[in-house]
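Chemist:
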Amino acid sequence: MGRSPADHAEDEAFEQEVVRIARAIYSPTRPYQGATVIGGRERDAVIEGDEVVVAIEATTSRTVEKASKDGTKLKELCDRLATRHKFKAIKGFFVTRDDTTAQQRDVIRGVGGPITACSLAQFRAQLIDSRDYLECRQMYPFGSARNPDTGSATELERYVPLGFSAVQNSQSPRATLGLADIVERIAEGDATLLLGDFGAGKSMTLREVHRELAKRHFKDALAPFPVTLNLRDHQGQKDTDEALRRHAARIGFESATKLVRAWRAGQVHVLLDGFDEIAASGWRGRTPDLPLIRRGSVELVRRFTEETPPSAGLLISGRRHFFDSDAEMTASLGVRDRRPIVLHTDDFNDDQVRAYLSERSWTGQLPDWLPSHPLLLGHLASAGALGALTEGALPEPAPGWEYLLDRICEREAKIEQGLDGRTIRRVLERLATIARGRGGGQGPVLPSDLSQAFEEIAGYPPDEGSFQVLQRLPGLGVQDATDGARAFIDASLLDAARAGDVVRYAAGQDDSLGNISVASVPLSRLGVLVATLQAERLSVTPGQCNASAKKLQTRGDVDAFVLDLVRIGAELGPSKPGVLEFSFLEIESLEMQDTETDFGSLTFRECIVTTLDLTEYDGEAPLPHFDHCHIGTVLGAASATGLPSGRFTDCTFDAFDPSSKTTRGILGMPGLRPGQKVILTVLKKVYLQAGGGRKEEALARGLSPHFRDLVPDAIAYLVGNNLLIESRAGARKIYLPVRGQRGRVRALLESATASSDPVLRTY
Numbered sequence: 131m132g133r134s135p136a137d138h139a140e141d142e143a144f145e146q147e148v149v150r151i152a153r154a155i156y157s158p159t160r161p162y163q164g165a166t167v168i169g170g171r172e173r174d175a176v177i178e179g180d181e182v183v184v185a186i187e188a189t190t191s192r193t194v195e196k197a198s199k200d201g202t203k204l205k206e207l208c209d210r211l212a213t214r215h216k217f218k219a220i221k222g223f224f225v226t227r228d229d230t231t232a233q234q235r236d237v238i239r240g241v242g243g244p245i246t247a248c249s250l251a252q253f254r255a256q257l258i259d260s261r262d263y264l265e266c267r268q269m270y271p272f273g274s275a276r277n278p279d280t281g282s283a284t285e286l287e288r289y290v291p292l293g294f295s296a297v298q299n300s301q302s303p304r305a306t307l308g309l310a311d312i313v314e315r316i317a318e319g320d321a322t323l324l325l326g327d328f329g330a331g332k333s334m335t336l337r338e339v340h341r342e343l344a345k346r347h348f349k350d351a352l353a354p355f356p357v358t359l360n361l362r363d364h365q366g367q368k369d370t371d372e373a374l375r376r377h378a379a380r381i382g383f384e385s386a387t388k389l390v391r392a393w394r395a396g397q398v399h400v401l402l403d404g405f406d407e408i409a410a411s412g413w414r415g416r417t418p419d420l421p422l423i424r425r426g427s428v429e430l431v432r433r434f435t436e437e438t439p440p441s442a443g444l445l446i447s448g449r450r451h452f453f454d455s456d457a458e459m460t461a462s463l464g465v466r467d468r469r470p471i472v473l474h475t476d477d478f479n480d481d482q483v484r485a486y487l488s489e490r491s492w493t494g495q496l497p498d499w500l501p502s503h504p505l506l507l508g509h510l511a512s513a514g515a516l517g518a519l520t521e522g523a524l525p526e527p528a529p530g531w532e533y534l535l536d537r538i539c540e541r542e543a544k545i546e547q548g549l550d551g552r553t554i555r556r557v558l559e560r561l562a563t564i565a566r567g568r569g570g571g572q573g574p575v576l577p578s579d580l581s582q583a584f585e586e587i588a589g590y591p592p593d594e595g596s597f598q599v600l601q602r603l604p605g606l607g608v609q610d611a612t613d614g615a616r617a618f619i620d621a622s623l624l625d626a627a628r629a630g631d632v633v634r635y636a637a638g639q640d641d642s643l644g645n646i647s648v649a650s651v652p653l654s655r656l657g658v659l660v661a662t663l664q665a666e667r668l669s670v671t672p673g674q675c676n677a678s679a680k681k682l683q684t685r686g687d688v689d690a691f692v693l694d695l696v697r698i699g700a701e702l703g704p705s706k707p708g709v710l711e712f713s714f715l716e717i718e719s720l721e722m723q724d725t726e727t728d729f730g731s732l733t734f735r736e737c738i739v740t741t742l743d744l745t746e747y748d749g750e751a752p753l754p755h756f757d758h759c760h761i762g763t764v765l766g767a768a769s770a771t772g773l774p775s776g777r778f779t780d781c782t783f784d785a786f787d788p789s790s791k792t793t794r795g796i797l798g799m800p801g802l803r804p805g806q807k808v809i810l811t812v813l814k815k816v817y818l819q820a821g822g823g824r825k826e827e828a829l830a831r832g833l834s835p836h837f838r839d840l841v842p843d844a845i846a847y848l849v850g851n852n853l854l855i856e857s858r859a860g861a862r863k864i865y866l867p868v869r870g871q872r873g874r875v876r877a878l879l880e881s882a883t884a885s886s887d888p889v890l891r892t893y
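Take 131 as the starting number for the sequence shown in this note's numbering and just add one per residue.
(1) Can you tell me which of R239, I245, I177 and D236 puts its alpha carbon nearest to the alpha carbon of D209?
(2) Using only alpha-carbon positions, find the residue among H755, R794 and R235 that is nearest to D780.
(3) Under a three-way DSSP split, which group does P754 fall into?
(4) Helix, strand or coil for G762 per DSSP?
(5) Leaving out the 5 sequence neighbours to the left and right, which residues in its chain are closer than 7 Å to E140 when beta-carbon positions are compared?
(6) Which word fits P158, buried or exposed, when buried means at least 16 other C-beta atoms lie within 10 angstroms of its C-beta?
(7) Pick out whichever of D743, R254 and V889 has its Cα sitting closest to the Cα of V849.
(8) If we count the other Cβ atoms within 10 Å of its Cβ and call it buried at 16 or more, is A770 buried or exposed?
(9) S300: buried (16+ other C-beta within 10 angstroms of its C-beta) or exposed?
(10) Near Q683, what residues of its chain come up, given a Cβ to Cβ distance below 7 Å and the 5 sequence neighbours on each side ignored?
(11) By DSSP, does T387 sit in helix, in strand, or in coil?
(12) Let me check one thing: in DSSP terms, what residues is C248 bridge-paired to?
(13) Which value, in whole angstroms, describes the spacing of the CA atoms of V339 and E145?
(14) Considering only C-alpha positions, which residue in the set G319, K332, A457 and A344 is nearest to P440?
(15) For H215, which residues of its own chain have a beta-carbon under 6 Å away from its beta-carbon, when the five flanking residues on both sides are left out?
(16) With DSSP as the reference, please indicate the residues paired to K218 in a beta bridge.
(17) Rounding to the nearest angstrom, what Cα-Cα distance links G823 and R831 in this structure?
(18) Would you list, in sequence order, the uninterrupted alpha helix (DSSP H) runs of no fewer than 4 residues that lie entirely inside the region 831 to 870?
(19) Using CA coordinates, which residue listed in G766, L840 and Y847 is at the minimum distance from K815?
(20) Between I915 and M269, is the Cβ-Cβ spacing less than 9 Å?
(21) Out of S333, D641 and S713, point me to the one whose CA is closest to R276's CA.
(22) Which word fits K203, buried or exposed, when buried means at least 16 other C-beta atoms lie within 10 angstroms of its C-beta?
(23) Taking G448 as part of the alpha helix (DSSP H), name the residues at either end of that continuous run.
(24) Would you mind sorting T370 into buried or exposed? The rule is 16 or more other CB atoms within 10 Å of its CB.
(25) Do V400 and F434 have their beta-carbon atoms positioned less than 9 Å apart in this structure?
(26) Tell me whether W413 sits in a helix, a strand or coil according to DSSP, three-state version.
(27) From the DSSP output, read off the bridge partner residues of R173.
(28) Less than 8 Å between the CB atoms is what I'm expecting for G548 and S596, so what's the real figure, rounded?
(29) Three-state secondary structure (DSSP) at E721?
(30) Measure from the alpha carbon of F453 to the alpha carbon of each residue in R468, R469 and Q601, then state which is nearest.
(31) For the alpha helix (DSSP H) that contains P577, what are its first and last residues?
(32) Tell me, which residues are paired with F294 by DSSP?
(33) Apply the 10 Å Cβ neighbour rule to E142 and answer buried if 16 or more other Cβ atoms are within range, or exposed otherwise.
(34) Would you mind sorting T563 into buried or exposed? The rule is 16 or more other CB atoms within 10 Å of its CB.
(35) Mind checking who S713 pairs with in its DSSP beta bridge?
(36) Taking a contact to mean a Cβ-Cβ separation below 9 Å, would you say G762 touches T793 in this structure?
Here is the structure:
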């Protein structure tokens with residue numbers, strides 16, 4: 131049977147690969163040598179170097195006949211070359227795609243002369259031993275990827291596949307790509323940029339791409355192998371050859387020159403991890419020059435992009451908001467001509483969260499506040515925090531975010547040896563404070579703010595390395611490409627970070643808060659609870675909070691800080707804030723909790739309150755006075771007539787709780803049994819009110835004795851049906867919403883009497 135066109139195409143591709151490797155080994159400065167005709171016969175290749183001339187016959191055949199024919203042909207050619215090149219060594223190679231058979235080797239040995247039979251892998255090993263490189267590389271860290279449990283950089287946990295959103299995806303109509311798509315693109319020689327926020331799994335993804343490309347290389351001798359560089363290892367380097375040599379030295383690969391040669395021959399795919407982790411030389415506090423400085427910091431990446439052969443794939447990763455725009459990014463990285471696809475890492479969805487945690491033997495229900503960021507989830511899991519939910523170690527969002535802020539900043543500190551996690555956290559907290567007077571409380575944060583905040587905390591201006599850390603602080607994203615302004619993009623991280631400066635001011639540790647000129651956005655509920663935790667650690671009293679509030683009130687324009695201190699004092703214990711007035715604040719949520727603090731002396735004038743939560747207000751203590759305020763939604767009241775009289779003057783309201791969502795409305799629903807009404811009341815308090823959890827006693831508040839007696843059984847029933855998570859804070863029981871159940875609960879409350887949900891109908 132004759133050979134098909136596909137077989138001939140495969141033979142031709144194989145021969146071209148062998149010739150390319152031979153050129154790289156024996157004559158890299160003469161790239162156009164190859165197939166030729168000598169003595170009237172076509173030869174697969176003759177490569178002449180400075181000291182050696184090499185004759186090659188390449189074949190995909192495994193027959194003895196082919197070995198005999200090509201061996202005789204090679205012997206005759208080597209004899210010709212020896213007479214023509216008397217002062218150069220002569221070598222002949224019979225190269226097979228797969229391992230040569232024992233019979234083929236015997237035939238070639240029998241021919242005699244300077245002829246060697248070898249496979250493509252063995253022939254390529256003269257250029258580089260790829261297997262040796264890949265073994266060395268596997269034992270060296272892949273960027274910032276670490277095992278959350280042990281801290282190991284090499285014994286990593288199993289990779290949970292992420293989704294990647296394509297920003298520029300003309301090659302595929304899909305909006306989301308997977309790991310296999312990235313691997314295929316690199317294998318085909320395409321360029322890909324992988325962008326993500328802090329801890330989004332970029333390094334773990336590059337490690338997995340590296341492993342998949344290595345598997346392809348082992349299966350197919352024609353496939354290039356991956357070379358993965360941690361760019362943080364190459365501070366100050368601009369020369370690609372030098373970078374590859376340092377990389378080889380770091381991983382313990384002894385053939386650095388061969389690695390360079392293999393790269394220039396197009397035998398490797400290049401994976402570059404962390405373009406945002408290279409410190410910019412020439413930094414002297416010149417914030418207007420930041421785009422130019424960033425371009426200089428990634429010069430090594432740009433040279434790799436320009437010098438890597440077009441047949442080799444490129445995968446480059448970095449922090450999503452490092453550059454001010456996509457145009458600046460593609461120009462600085464030098465990838466514009468390679469038409470890269472730009473991918474953004476996606477957070478875990480609920481299924482991926484469960485898959486990730488099931489690998490860690492966690493099968494329980496997940497609290498609703500749990501972050502879906504891979505890094506943050508890993509930190510919580512490694513701390514035993516998830517397993518401790520049933521033991522009360524991490525009952526609410528506040529302790530979780532307090533812990534996470536420390537871990538996040540410690541991770542950033544590992545990139546710059548001159549900084550510790552505590553300093554980075556305080557800088558982040560100061561920037562969160564500065565942002566409270568701008569743009570709705572999220573920013574902008576200007577480049578000059580980065581330097582100023584660092585100098586205030588550290589006591590000296592940032593140098594090249596520390597400013598690089600400032601450029602990539604977690605939680606900050608680009609807001610304005612024209613001036614490099616950034617803004618906070620994670621609301622929970624921002625609110626948790628806002629707490630630190632307020633607490634230190636109340637404790638008398640730092641008076642810098644008094645130097646902030648404007649603050650119009652107070653802490654949200656999470657921030658207040660994080661601040662309360664910190665205040666308890668520092669033994670701050672309600673009296674200290676109120677005294678600090680009075681001190682700040684005299685300055686004006688910082689009423690947000692004053693309100694924070696009052697709320698923190700109330701959380702700490704019985705408090706008497708005194709007469710205070712707040713003006714022009716933008717308050718996300720204001721909760722009137724069951725507290726011994728008298729808020730009746732407080733006045734809010736011309737403020738915007740997005741949510742006023744009265745669900746736990748028992749009417750015993752007076753509410754603050756609201757004068758000419760705009761209030762979005764009032765929870766716990768069905769109309770303005772249900773509000774306490776004399777406490778709202780010329781205020782406007784957008785919405786009130788539907789009667790079906792107030793405690794009174796639920797208890798008055800026809801057609802429901804008393805136990806069902808209690809179930810709905812408990813679900814409403816846990817899922818729809820501000821804050822991350824509810825104390826056991828709060829779930830019974832507002833109920834008559836008859837209904838209150840039904841609460842314990844209702845709670846146990848909801849826990850058993852995976853609608854509540856029970857935990858503890860000291861001696862108190864806390865109940866948390868279950869992740870992914872909020873929509874179900876809303877549907878129950880909106881149509882309880884017609885609902886067919888079994889959790890209601892079977893109770």
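Note that beta-carbon positions come from the ideal geometry of N, C-alpha and C, so glycine has one too. All values reported here derive from a predicted model rather than from experimental measurement.
Modeler: In terms of the structure at hand:
(1) Translated into the one-based positions of the sequence shown, residue 209 becomes position 79. Selected option, being the one with the closest Cα: I245.
(2) Sequence index remark: in the sequence shown, residue 780 carries index 650 (1-based). Cα-wise, what sits closest to D780 is H755.
(3) One-based indexing of the sequence shown puts residue 754 at position 624. Note: P754 maps to coil in three-state DSSP.
(4) Reading the sequence shown from its first residue, position 632 is the one you call residue 762. Here G762 sits in strand by DSSP.
(5) For this step, residue 140 is matched to residue 10 along the sequence shown. So the qualifying residues of the chain are T190.
(6) The count along the sequence shown starts at 1 and reaches residue 158 at position 28. Counting Cβ neighbours within 10 Å, P158 comes out exposed, since fewer than 16 surround it.
(7) Sequence index remark: in the sequence shown, residue 849 carries index 719 (1-based). Taking only the C-alpha atoms, the option nearest V849 is V889.
(8) For the purposes of this step, residue 770 is taken as the residue at position 640 of the sequence shown. Exposed, because fewer than 16 other Cβ atoms sit within 10 Å of the Cβ of A770.
(9) In the sequence shown, counting from the first residue as 1, residue 300 sits at position 170. Low per-residue confidence applies at S300: pLDDT is 46, beneath 50, and the placement is therefore not dependable enough to give any value.
(10) As a position in the sequence shown, residue 683 is number 553, starting the count at 1. V692 and L710.
(11) Residue 387 sits at position 257 when you count from the first residue of the sequence shown. DSSP places T387 in helix when its eight states are reduced to three.
(12) Position 118 of the sequence shown, counted from the first residue, corresponds to residue 248. V225.
(13) As a position in the sequence shown, residue 339 is number 209, starting the count at 1. As a position in the sequence shown, residue 145 is number 15, starting the count at 1. Approximately 28 Å between the Cα atoms of the pair.
(14) Residue 440 sits at position 310 when you count from the first residue of the sequence shown. Checking every option, the nearest Cα to that of P440 belongs to G319.
(15) Within the sequence shown, residue 215 is the residue found at index 85, counting from 1. Counting only Cβ-Cβ distances below 6 Å, and skipping sequence neighbours, we find V183.
(16) The residue you call residue 218 lines up with position 88 of the sequence shown. Partner(s): none; K218 has no beta bridge.
(17) Within the sequence shown, residue 823 is the residue found at index 693, counting from 1. Within the sequence shown, residue 831 is the residue found at index 701, counting from 1. So the alpha carbons of these two residues sit roughly 15 Å apart.
(18) 835 to 838 and 841 to 850
(19) Taking the sequence shown and counting its residues from 1, the one referred to as residue 815 is at position 685. Per the Cα distances, G766.
(20) As displayed, the chain neither begins before 131 nor continues past 893, which places residue 915 out of reach and without an answer.
(21) Within the sequence shown, numbered from 1, the residue matching residue 276 stands at position 146. If we check each option's Cα against that of R276, S333 comes out closest.
(22) Locating residue 203 in the sequence shown gives position 73, where the first residue counts as 1. K203 comes out buried.
(23) The residue you call residue 448 lines up with position 318 of the sequence shown. It is not in any alpha helix (DSSP H) - G448 instead sits in the beta strand (DSSP E) that spans L444 to R449.
(24) What you label residue 370 is simply residue 240 of the sequence shown in a count that begins at 1. The residue in question, T370, is buried, as its Cβ has 16 or more Cβ neighbours within 10 Å.
(25) Translated into the one-based positions of the sequence shown, residue 434 becomes position 304. Translated into the one-based positions of the sequence shown, residue 400 becomes position 270. Yes, they are a contact pair.
(26) Translated into the one-based positions of the sequence shown, residue 413 becomes position 283. The predicted position of W413 is uncertain, since its pLDDT is 48 and thus under 50; a value taken from the coordinates is nonetheless stated next. If DSSP states are grouped into helix, strand and coil, W413 belongs with coil.
(27) Locating residue 173 in the sequence shown gives position 43, where the first residue counts as 1. According to DSSP, R173 bridges with T166.
(28) Residue 548 sits at position 418 when you count from the first residue of the sequence shown. Residue 596 sits at position 466 when you count from the first residue of the sequence shown. That belief holds up - the Cβ atoms of G548 and S596 are roughly 6 Å apart, short of 8 Å.
(29) As a first step, residue 721 is located in the sequence shown; it is residue number 591 there, counting from the start. Three-state DSSP puts E721 in a strand.
(30) For the purposes of this step, residue 453 is taken as the residue at position 323 of the sequence shown. Closest option to F453, Cα to Cα, is Q601.
(31) Reading the sequence shown from its first residue, position 447 is the one you call residue 577. P577 to A588 is the extent of the alpha helix (DSSP H) around P577.
(32) As a working note, residue 294 is residue 164 in the sequence shown. The partner list for F294 (beta bridge, DSSP) reads L307 and T475.
(33) Taking the first residue of the sequence shown as 1, we reach residue 142 at position 12. Classification of E142: exposed, given that the 10 Å Cβ count is below 16.
(34) Position 433 of the sequence shown, counted from the start, is the residue given in the question as residue 563. Result: buried.
(35) Working through the sequence shown from its first residue, we reach residue 713 at position 583. Paired residues: R735.
(36) Within the sequence shown, the letter at position 632 stands for residue 762. Within the sequence shown, the letter at position 663 stands for residue 793. For the 9 Å CB-CB criterion, G762 and T793 do not form a contact.
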